[in-house]
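Novice: Provided herewith is a single structure, encoded as structure tokens, for subsequent inquiry.
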Amino acid sequence: MAIIDKNGGIHGSAGSVVYRTYRGRNVLQIKPKRKKQTPASIRSACEFGLASSSARIIRQAFHPLHRDLHDGAMVNRLTSAVSRSIRASSKERGERDLHDGDLSFLEGFSFNAASGLFPSLQVKPRVSLTEQGQVKVSLPSLGVDSELLDRFYEAGRFRIRFVLVAFNFREEFYEYVDVNDVVLSRLSPLPAQELLFEGEWPQGCLLLLAASLEYLSYNRLDKTYGSLNSKTFSPCEIIAAIPARDEAGQGYGRQRYEKLREAGPQVLMSFFSDYPGRKMREKVDKLMGEGRLQLPWNRSGTDSGGEQRSQEDDWVDLKGKRTSFKD
32 MAIIDKNGGI HGSAGSVVYR TYRGRNVLQI KPKRKKQTPA SIRSACEFGL ASSSARIIRQ
92 AFHPLHRDLH DGAMVNRLTS AVSRSIRASS KERGERDLHD GDLSFLEGFS FNAASGLFPS
152 LQVKPRVSLT EQGQVKVSLP SLGVDSELLD RFYEAGRFRI RFVLVAFNFR EEFYEYVDVN
212 DVVLSRLSPL PAQELLFEGE WPQGCLLLLA ASLEYLSYNR LDKTYGSLNS KTFSPCEIIA
272 AIPARDEAGQ GYGRQRYEKL REAGPQVLMS FFSDYPGRKM REKVDKLMGE GRLQLPWNRS
332 GTDSGGEQRS QEDDWVDLKG KRTSFKD
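My numbering numbers the first residue of the sequence shown as 32 and each following residue consecutively.
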């Protein structure tokens, strides 16, 4: 049954038509029909769910930085970038995650496509690793030019914030490693400098470094600076993506959490919720063990009889039944 809400939007279905609201517009769609899943569709659904869930976790981790001041297509753009990264792995679907992917697809991702970070700064920091495995940002000298001032004339300060986050998609947690702020005023340029992120790099974690640019205005009554950024202009971008340098043993995430909690009251670590990675791998292993799903080709690209096969033929439902990755 279709209904009209108080804002005039139509929701629900009538016959074979589905009504919904998309970006403030009423949209009509043909009701989708249930189709039997093929091995290829199972693979695609499995990996898309993994990519979208991984992208959601990245969005959540960097929420204190982008603060929902992003463009309307950001969610889909980030899911696409994560999906391309995972697909770049040489492993088969069902056996791979973001740890196996090409993280360069995430570098340069802007949370707000309407306001790029480096075009606004007009300089590009250089990110490197020290011999001790710490992340270092080399920042060129910065001056407040007319283009930076013209956007918000009332801005008295400008803050560049760097946030380094460690992600472990196999132990299902992320942790804030370190935060560095650089503040410059309209009257004084900033000399070149190096920023060192001194937090510990957790085992088995890949690192994502993001940066944002905030325009700050002084409130005389509160005697504080507040942000002038908005959805129309809020530069925030992933500027570096570093693969994990080692593997973490099973249960490492929980053990690390207990260790951090004993060390102090503030634990800058969060566990994933509704992440399908581990469940997906367990379900794949179960289906393969039951003979309902198998990889009929080896890594040389041939089957047991020596016949050449393509990766599109890699998963087969031996009993001709539907398989699902839902609980």
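From the three backbone atoms N, C-alpha and C, an ideal C-beta is built for every residue, glycine too.
For the beta strand (DSSP E) holding Tyr205, just list the boundary residues, first then last.
Specialist: Phe204 to Ser216 is the extent of the beta strand (DSSP E) around Tyr205.
Novice: How about Ser265 and Leu100: are their beta carbons less than 8 Å apart?
Specialist: Yes; because the gap between Cβ atoms is below 8 Å, this pair is in contact.
Novice: Considering only residues of the region 268–309, which uninterrupted beta strand (DSSP E) runs meet the minimum length of 3 residues and lie entirely inside it, listed in chain order?
Specialist: Runs of the beta strand (DSSP E) inside the region 268–309: 300–302.
Novice: Suppose you measure from the CA of Arg217 to the CA of Ser248; what does that come to, to the nearest Å?
Specialist: Going from the Cα of Arg217 to the Cα of Ser248 covers about 11 Å.
Novice: With distance defined between alpha-carbon atoms, name the residue in Phe204, Arg124, Ser84 and Phe93 nearest to Val113.
Specialist: Comparing Cα-Cα distances from Val113 to each of Phe204, Arg124, Ser84 and Phe93, the minimum goes to Ser84.
Novice: Have a look at Glu138 and Ala271 and give me their C-alpha separation to the nearest angstrom.
Specialist: If you take the alpha carbons of Glu138 and Ala271, they lie about 5 Å apart.
Novice: Look up Leu349 in the DSSP assignment and say whether it is helix, strand or coil.
Specialist: Unreliable placement is indicated for Leu349, whose pLDDT of 32 sits below 50; the coordinate value is still reported in the next sentence. It is coil, neither helix nor strand.
Novice: Are there three or more Cβ pairs, one per stretch, closer than 8 Å when the region 282–290 is compared with the region 238–257?
Specialist: In short, these stretches do not touch, since the Cβ pair count stays below three.
Novice: So is Arg276 buried or exposed if we call it buried at 16+ other beta carbons inside 10 Å?
Specialist: So Arg276 ends up on the exposed side.
Novice: Among Val48, Gln91, Ile61 and Leu259, whose alpha-carbon lies nearest the alpha-carbon of Asp305?
Specialist: It is Gln91.
Novice: For the alpha helix (DSSP H) that contains Val154, what are its first and last residues?
Specialist: From DSSP, Val154 is part of no alpha helix (DSSP H); its letter is neither H nor E.
Novice: Helix, strand or coil for Ser331 per DSSP?
Specialist: Legend: pLDDT at Ser331 = 38, less than 50; position of this residue unreliable, value from coordinates given subsequently. Three-state result, Ser331: coil.
Novice: Could you give the residue range of the beta strand (DSSP E) that holds Ala241?
Specialist: That run of the beta strand (DSSP E) goes Leu237 to Asn250.
Novice: Do Val168 and Leu226 have their beta-carbon atoms positioned less than 8 Å apart in this structure?
Specialist: Yes. Within cutoff.
Novice: Hey, out of Ser121, Gln153, Arg56 and Ala197, whose CA is closest to Ile89's CA?
Specialist: For Ile89, the nearest C-alpha among the options comes from Ala197.
Novice: If we count the other Cβ atoms within 10 Å of its Cβ and call it buried at 16 or more, is Ser141 buried or exposed?
Specialist: So Ser141 ends up on the buried side.
Novice: Going by the DSSP bridge assignment, what does Arg56 pair with across the sheet?
Specialist: DSSP, once it has assigned bridges, lists Tyr53 as partnering Arg56.
Novice: From Asp212 to Arg190, what distance separates their C-alpha atoms?
Specialist: Distance between the alpha carbons of Asp212 and Arg190: 7 Å.
Novice: How far does the alpha helix (DSSP H) with Ala186 in it extend, from its first residue to its last?
Specialist: Looking at the DSSP string, Ala186 is not in any alpha helix (DSSP H), and its letter there is neither H nor E.
Novice: Which value, in whole angstroms, describes the spacing of the CA atoms of Asp102 and Gln281?
Specialist: Spanning the two alpha carbons is a distance of roughly 38 Å.
Novice: Could you round the C-beta distance between Cys267 and Leu96 to whole angstroms and report it? I think they count as a contact, below 8 Å.
Specialist: About 6 Å separates the two Cβ atoms, so the contact holds.
Novice: With the cut-off set at 8 Å, would you say Ala144 and Ala82 are in Cβ contact?
Specialist: For Ala144 and Ala82, no; Cβs fall outside 8 Å.
Novice: If you draw a straight line from the C-alpha of Tyr256 to the C-alpha of Arg56, how long is it?
Specialist: The alpha-carbon atoms of Tyr256 and Arg56 are separated by roughly 38 Å.
Novice: Looking only at its chain, what residues have a beta carbon closer than 7 Å to the beta carbon of Ser172, apart from the 5 residues adjacent to it on each side?
Specialist: Taken in chain order, the residues that qualify are Pro220, Leu221, Pro222 and Ala223.
Novice: What span of residues does the beta strand (DSSP E) with Thr255 cover, start to end?
Specialist: Run containing Thr255: Thr255 to Ser258, per the beta strand (DSSP E) assignment.
Novice: Measure the Cβ-Cβ separation of Phe204 and Phe93 and say whether it is below 8 Å.
Specialist: It is not a contact, given that the beta carbons lie outside the stated cut-off.
Novice: For Ser116, count neighbouring C-beta atoms within 10 Å of its own C-beta (all shown protein chains included) and say buried if the count is 16 or more, exposed if not.
Specialist: Answer is buried; the Cβ neighbour count reaches 16.
Novice: Please report the straight-line C-alpha distance between Gly308 and Leu59, rounded to a whole angstrom.
Specialist: Taking the straight line joining both Cα atoms gives about 34 Å.
Novice: Buried or exposed, going by whether 16 or more other CB atoms sit within 10 Å of the CB of Ala294?
Specialist: Ala294 should be labelled exposed.
Novice: Would a C-beta distance cut-off of 8 Å place Gly230 and Val208 closer than the cut-off?
Specialist: Cβ atoms of Gly230 and Val208: closer than 8 Å.
Novice: Identify the continuous alpha helix (DSSP H) that holds Leu100 and give its terminal residues.
Specialist: Segment: none, Leu100 is in no alpha helix (DSSP H) and carries neither H nor E.
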